[in-house]
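A.B. asks:
Shown next, in the form of structure tokens:
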């Protein structure tokens with residue numbers, strides 16, 4: 002790849018990170034929690050975005066970042082107070098700069114209307130709108146600079162003679178400038194002759210190594226213009242006395258003395274300078290060092306504590322390979338342990354003990370490796386404040402977003418796929434959940450509605466919650482809608498939760514007019530499906546007048562499944578434990594035939610469909626007789642409650658999920674495979690798929706309970 | 220005239236640009252992400268011929284870093300170039316006051332960067 | 353070992369030959385990853401009869417195809433002497449159950465002829481051609497087509513099985 006192109010990729014990656022930091026900082030400013038460091042970080046973020054943008058010639062981006070940065074700088078230096086209206090404007094500017102970055106990335110930089118915000122920012126910066134042209138120019142000021150040199154060189158140069166007197170001050174050396182290098186630069190311009198003026202050099206015994214005693218008289222001949230000479234002295238100009246005179250042609254020598262316009266001549270120049278330094282001499286090394294060392298300690302000490310964790314970037318493939326290998330190791334260990342046991346070594350033997358220790362280490366290794374795949378949910382959560390701002394503006398509602406637990410780590414796949422469902426639920430919360438400001442005030446609630454987004458680890462799973470303090474689910478209306486759509490029968494008696502759950506049914510939408518905000522063709526059914534695909538579930542808790550909470554529960558990692566291992570005939574299958582409610586040994590009297598295809602199991606006087614895995618999957622030697630085997634009661638998001646008939650339950654264990662669709666194809670009713678302790682492959686069952694398969698077999702007809710409990 | 224150049228900048232983009240331009244010219248490039256990191260790299264590096272540093276950085280900014288270098292008995296003679304933009308004359312001045320040797324105006328083209336290094340590197 | 357012979361022109365393809373049901377078949381050596389002994393499989397529900405199930409190949413869940421059954425000659429009666437040829441095509445890895453692996457051959461391009469039209473049928477889409485080696489006929493199989501046919505099967509076929 003072209004190196005610039007690869008740096009550009011880096012720039013956009015970095016922009017993503019900077020935009021996150023900026024957004025966080027701006028939100029902290031909004032809530033009044035921003036200290037200097039946070040404001041500085043925001044400034045730096047915008048500054049870096051601008052800096053890189055300039056290098057790639059993203060003019061619109063740079064121009065906008067420039068005025069944005071100017072305002073931030075004023076706040077940073079205390080010249081502008083971060084009042085609410087200022088911060089509000091900054092937040093909008095943050096959104097716009099994010100748009101600018103996006104536009105630069107896509108190459109279409111035309112369509113961003115940042116005029117209003119720019120104008121407002123200029124207002125805060127104390128620049129009037131008329132200066133727009135100048136400001137734009139300022140954003141691009143580097144370009145003309147560079148051209149200037151090009152033109153310079155093109156201009157015809159006349160041979161001339163320059164007399165230069167160069168009297169370095171001690172400060173020149175203190176800044177690590179080196180007269181020799183400047184002379185070397187001059188020598189590149191033309192022929193030079195240099196004469197050192199040692200007249201101020203004291204006797205060796207009184208010589209201060211830190212002082213500047215030597216001056217130079219230089220004659221430079223060649224086709225040289227003044228700016229070129231000045232450029233050679235550019236870095237030194239403030240730390241020396243410098244006169245550059247163009248001599249009459251061929252007029253030699255004696256240039257220095259008359260030149261300095263009003264400057265003291267040599268002896269005077271020498272006197273005042275060494276004086277302070279002479280006083281400092283005995284401690285010359287420490288004296289200048291003392292004060293700075295203090296500040297340095299201050300600066301460095303807290304930094305060590307706050308040091309950002311060092312990170313490396315790794316291909317996901319490599320991580321997944323590690324995850325796989327760790328899984329293999331665990332399996333191999335289990336096989337080894339089995340062989341050792343079979344060979345007659347007990348768990349307390351040295352071999353047994355060693356293997357146990359080995360197992361612990363492997364488990365730890367596996368967990369550590371899996372942890373590599375996890376990332377803080379922050380990267381998803383940080384997209385939400387902007388969404389909330391936009392929705393608030395669109396709906397005219399006042400909304401405050403509270404975010405908690407954004408450092409909670411979840412699997413990368415969850416990060417990649419949770420964004421859309423979350424966005425949708427937040428849209429819903431603001432659009433449907435929160436009441437209008439007037440209604441809130443009328444009901445004695447604060448005018449500003451609150452939406453809370455939180456994440457935490459709870460019991461080996463990730464819990465993400467979206468809560469609002471709005472009106473809660475309007476159950477009467479939900480019921481009415483469901484009736485209207487034919488989703489429930491008029492006689493159905495439904496508990497409150499069951500009514501709430503109706504919103505997850507395909508084709509359900511509560512808004513009577515499809516609103517611009519929520520009505521984008523995806524309903525809560527899609528949200529639920531996405532969550533289920535991630536191995537999670539979603540629950541609603543709604544209280545009329547108080548608000549609703551959507552609670553998502555997701556597995557910690559998608560590579561491992563907590564499974565119930567069951568035997569069916571000569572086969573072993575794994576059921577996702579998250580689907581298992583309970584298991585029972587049904588007697589013949591608890592099983593009733595229903596039609597020709599179905600059997601129903603009586604679970605404490607509720608009948609649920611009973612599906613025989615052996616029959617459904619055609620497993621040889623599976624239990625056939627009524628009243629034999631074990632029924633596992635399943636609850637799935639997609640199908641509701643039903644029971645699966647197996648021969649025996651072998652236990653519970655974590656299994657590593659192995660997809661084989663890549664090598665074969667999807668099999669209805671099978672989610673994936675895993676490898677058991679004996680090294681053999683066992684299939685992980687997909688309970689919704691099994692129910693679907695069963696439905697297909699029986700020609701589509703399903704026992705009513707299957708649907709009614711599906712809510 | 221291959222030099223050892225230490226660049227200190229919190230922006231990965233700028234770091235990559237500096238590295239590309241400097242190593243293309245045959246310089247050895249050491250990099251740090253902020254002032255504190257810069258002091259650490261400097262301490263480990265043994266010898267560094269030129270330092271190029273940004274001003275706005277977390278943990279320790281460019282001024283603090285220059286200050287640190289200039290007050291170190293071992294490193295105070297190392298020339299330091301600061302990265303500034305044309306619109307920051309005050310910053311340039313402050314950097315000079317802190318002891319910067321010279322400056323490079325961002326965005327820089329490689330030729331100007333290398334010229335600046337040449338002008339300060341012994 | 354002649355596949356390591358540097359004198360062999362690069363343009364000549366090498367094949368591994370194997371036999372099943374008394375017939376010789378060949379597959380491009382580039383598609384063969386390894387050859388391993390038979391291990392009992394975990395059957396896949398509702399799969400065609402020639403899909404013997406899956407095995408654990410060092411952590412990879414490998415579907416095993418019974419070549420004899422795939423060609424319509426009935427299931428292989430497996431014993432410990434049978435072998436699984438591990439085939440990789442693009443991102444898919446499958447196992448091919450055969451009776452035995454015979455040889456490595458490097459036929460001249462002119463020795464390979466396309467499948468005779470008369471011999472064409474639905475299942476022979478993965479026959480790439482026929483080679484005559486040492487006066488014996490060898491059927492060259494296209495592993496790509498074999499793997500593709502496995503992945504593209506419809507549920508109709510699955511239901512029949």
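Residue numbers (the numbering used here), protein chains in the order written: chain A, 2 to 712; chain B, 220 to 341; chain C, 353 to 513.
Where a beta carbon is used, it is the ideal one built from N, C-alpha and C, also for glycine.
Given the structure is predicted, the values throughout are model-derived calculations rather than measurements.
Taking all protein chains shown into account, decide if residue 309 (chain B) is buried (16 or more other Cβ within 10 angstroms of its Cβ) or exposed.
C.D. replies: Position 90 of the second chain, counting from 1, holds the residue named residue 309 (chain B). Exposed: under 16 other Cβ atoms inside 10 Å.
A.B. asks: Please return the same chain residues whose Cβ sits closer than 7 Å to the Cβ of residue 695 (chain A), not counting the five positions on each side in sequence.
C.D. replies: Position 694 of the first chain, counting from 1, holds the residue named residue 695 (chain A). The residues are 612, 617.
A.B. asks: Which bits of chain A does residue 296 (chain B) rub up against, with CB to CB less than 7 Å?
C.D. replies: Locating residue 296 (chain B) in the second chain gives position 77, where the first residue counts as 1. Here the neighbours are 177.
A.B. asks: Which one of A:63, A:536, A:171 has the shortest CA to CA distance from residue 672 (chain A)?
C.D. replies: To locate residue 672 (chain A), count along the first chain from 1; it is residue 671. It is A:536.
A.B. asks: Between the stretch 438-450 of chain C and chain A, which residues of the former have CB atoms less than 8 Å from a CB of the latter, in chain order?
C.D. replies: From the stretch 438-450 of chain C, only 443, 444, 445, 446 have a Cβ closer than 8 Å to chain A.
A.B. asks: For residue 483 (chain A), which residues in the same chain have their Cβ closer than 6 Å to its Cβ, ignoring the five residues on either side in sequence?
C.D. replies: Here residue 483 (chain A) refers to the residue found at position 482 of the first chain. Same-chain partners within the cutoff: 489, 503.
A.B. asks: Can you name the residues of chain A whose CB is closer than 9 Å to the CB of residue 527 (chain C)?
C.D. replies: The first residue shown for chain C is 353 and the last is 513, placing residue 527 (chain C) beyond what the model contains.
A.B. asks: If I measure Cβ to Cβ from residue 300 (chain B) and keep anything under 8 Å in the same chain, skipping five residues before and after, which residues do I get?
C.D. replies: Position 81 of the second chain holds residue 300 (chain B). Answer for residue 300 (chain B): 269, 270, 271, 272, 319, 320, 321, 322, 323, 335, 336, 339, listed in chain order.
A.B. asks: Is residue 629 (chain A) helix, strand or coil when you go by DSSP?
C.D. replies: Numbered from 1 along the first chain, position 628 holds the residue referred to as residue 629 (chain A). It is coil, neither helix nor strand.
A.B. asks: Contact check, residue 688 (chain A) vs residue 576 (chain A) under 8 Å by CB: the rounded distance?
C.D. replies: Along the first chain, read from residue 1 onward, the residue named residue 688 (chain A) stands at position 687. Along the first chain, read from residue 1 onward, the residue named residue 576 (chain A) stands at position 575. 7 Å between Cβ atoms; contact.
A.B. asks: When you compare the CB of residue 328 (chain A) with every CB in chain C, is at least one pair closer than 8 Å?
C.D. replies: Translated into the one-based positions of the first chain, residue 328 (chain A) becomes position 327. By this cut-off, residue 328 (chain A) is an interface position.
A.B. asks: Under a three-way DSSP split, which group does residue 308 (chain B) fall into?
C.D. replies: By one-based count along the second chain, residue 308 (chain B) stands at place 89. If DSSP states are grouped into helix, strand and coil, residue 308 (chain B) belongs with the helices.
A.B. asks: Would residue 415 (chain C) count as contacting chain D if we go by Cβ distances under 8 Å?
C.D. replies: You won't find chain D in this structure, because its protein chains are A, B and C.
A.B. asks: 8 Å is my cut-off, CB to CB: does residue 284 (chain A) come that close to chain B?
C.D. replies: Along the first chain, read from residue 1 onward, the residue named residue 284 (chain A) stands at position 283. With a pLDDT of 38 at residue 284 (chain A), under the threshold of 50, the predicted position of this residue should be treated as unreliable, though the coordinate-derived value follows. For residue 284 (chain A), the answer is no, since every Cβ of chain B falls outside 8 Å of its Cβ.
A.B. asks: For residue 579 (chain A), tell me which candidate among A:600, A:557, A:586 has the shortest Cα-Cα distance.
C.D. replies: For the purposes of this step, residue 579 (chain A) is identified with residue 578 of the first chain, where counting begins at 1. The shortest Cα separation from residue 579 (chain A) among A:600, A:557, A:586 belongs to A:557.
A.B. asks: Rounded to the nearest angstrom, what separates residue 365 (chain C) and residue 459 (chain C) at their Cα positions?
C.D. replies: Mapped onto the third chain, residue 365 (chain C) falls at position 13. Mapped onto the third chain, residue 459 (chain C) falls at position 107. Rounded to the nearest angstrom, the two C-alpha atoms are 7 Å apart.
A.B. asks: Count the C-beta pairs between the stretch 375-390 of chain C and the stretch 435-444 of chain C that are closer than 8 Å, then say yes if the count reaches three, no if not.
C.D. replies: Counting Cβ pairs under 8 Å, three or more are found: they touch.
A.B. asks: Based on the DSSP output, what are the partners of residue 41 (chain A) in its beta bridges?
C.D. replies: For the purposes of this step, residue 41 (chain A) is identified with residue 40 of the first chain, where counting begins at 1. Paired residues: none, contrary to the question.
A.B. asks: What does the alpha-carbon distance come out to for the pair residue 386 (chain A) and residue 24 (chain A)?
C.D. replies: Within the first chain, the letter at position 385 stands for residue 386 (chain A). Within the first chain, the letter at position 23 stands for residue 24 (chain A). About 8 Å.
A.B. asks: Determine, for residue 502 (chain C), whether the minimum Cβ-Cβ distance to residues of chain A falls below 8 Å.
C.D. replies: Position 150 of the third chain, counting from 1, holds the residue named residue 502 (chain C). It does: the Cβ of residue 502 (chain C) has a partner Cβ on chain A nearer than 8 Å.
A.B. asks: Which residue wins for smallest C-alpha separation from residue 337 (chain A), given the options A:677, A:414, A:168, A:686?
C.D. replies: Position 336 of the first chain, counting from 1, holds the residue named residue 337 (chain A). If we check each option's Cα against that of residue 337 (chain A), A:677 comes out closest.
A.B. asks: Given a limit of 9 Å on CB to CB distance, which residues of the stretch 399-430 of chain C reach chain A?
C.D. replies: So the close ones are 399, 403, 405, 406, 407, 408, 410, 411, 412, 413, 414, 415.
A.B. asks: Is the stretch 634-654 of chain A in contact with the stretch 402-413 of chain C, if contact means three or more CB pairs nearer than 8 Å?
C.D. replies: At 8 Å Cβ cutoff, the stretches do not touch.
A.B. asks: Given that residue 48 (chain A) touches chain B, what residues does it touch there, using C-beta distances under 8 Å?
C.D. replies: Position 47 of the first chain, counted from the start, is the residue given in the question as residue 48 (chain A). Chain B residues near residue 48 (chain A): 275.
A.B. asks: Could you tell me whether the Cβ atoms of residue 394 (chain C) and residue 681 (chain A) are closer together than 8 Å?
C.D. replies: Locating residue 394 (chain C) in the third chain gives position 42, where the first residue counts as 1. Locating residue 681 (chain A) in the first chain gives position 680, where the first residue counts as 1. Contact flag set, yes.
A.B. asks: Check whether the Cβ atoms of residue 53 (chain A) and residue 230 (chain B) sit closer than 8 Å, and answer yes or no.
C.D. replies: Residue mapping note: residue 53 (chain A) aligns to position 52 of the first chain, counting from 1. Residue mapping note: residue 230 (chain B) aligns to position 11 of the second chain, counting from 1. Result yes, Cβ atoms of residue 53 (chain A) and residue 230 (chain B) sit closer than 8 Å.
A.B. asks: Please go through the same chain and pick out, in chain order, the residues whose beta-carbon is closer than 8 Å to the beta-carbon of residue 40 (chain A), but skip the five residues on each side of it.
C.D. replies: Numbered from its first residue, the first chain carries residue 40 (chain A) at position 39. 26, 30, 73, 76, 77, 83, listed in sequence order.
A.B. asks: Determine whether the beta carbon atoms of residue 389 (chain C) and residue 432 (chain C) lie at a separation below 8 Å.
C.D. replies: Reading the third chain from its first residue, position 37 is the one you call residue 389 (chain C). Reading the third chain from its first residue, position 80 is the one you call residue 432 (chain C). Yes, they are a contact pair.
A.B. asks: Name the DSSP bridge partner or partners of residue 197 (chain A)?
C.D. replies: Taking the first chain and counting its residues from 1, the one referred to as residue 197 (chain A) is at position 196. In the DSSP output, where bridge partners are listed per residue, residue 197 (chain A) has A:217.
A.B. asks: Please return the same chain residues whose Cβ sits closer than 7 Å to the Cβ of residue 66 (chain A), not counting the five positions on each side in sequence.
C.D. replies: As a working mapping, residue 66 (chain A) is identified with position 65 in the first chain. Excluding sequence neighbours, residue 66 (chain A) sits near 47, 50, 51, 54, 98.
A.B. asks: Comparing the C-beta of residue 508 (chain C) with each C-beta of chain A, is any distance below 8 Å?
C.D. replies: Residue 508 (chain C) sits at position 156 when you count from the first residue of the third chain. Note on residue 508 (chain C): pLDDT 37, under 50, position unreliable in the model; no value is reported.
A.B. asks: Buried or exposed for residue 121 (chain A), please, with buried defined as at least 16 other CB atoms from any protein chain shown within 10 angstroms of its CB.
C.D. replies: Numbered from 1 along the first chain, position 120 holds the residue referred to as residue 121 (chain A). Per the 10 Å Cβ criterion, buried.
A.B. asks: How long is the line joining the alpha carbons of residue 462 (chain A) and residue 651 (chain A), rounded to whole angstroms?
C.D. replies: Your numbering for residue 462 (chain A) matches position 461 in the first chain. Your numbering for residue 651 (chain A) matches position 650 in the first chain. One C-alpha to the other measures close to 24 Å.
A.B. asks: Please list the residues of the stretch 306-320 of chain B that have a C-beta atom closer than 7 Å to any C-beta atom in chain A, keeping them in chain order.
C.D. replies: Listed by position along the chain: 306, 315, 318, 319, 320.
A.B. asks: Spatial neighbours of residue 420 (chain C) within its chain, please: C-beta separation below 6 Å, excluding the five flanking residues on both sides.
C.D. replies: Position 68 of the third chain holds residue 420 (chain C). Excluding residues within five positions, the ones whose Cβ falls inside 6 Å are 372, 373, 428.
A.B. asks: Does the beta carbon of residue 512 (chain C) come closer than 8 Å to any beta carbon on chain A?
C.D. replies: For this step, residue 512 (chain C) is matched to residue 160 along the third chain. Note on residue 512 (chain C): pLDDT 37, under 50, position unreliable in the model; the coordinate value appears next. Answer no: the Cβ-Cβ gap between residue 512 (chain C) and chain A never drops below 8 Å.
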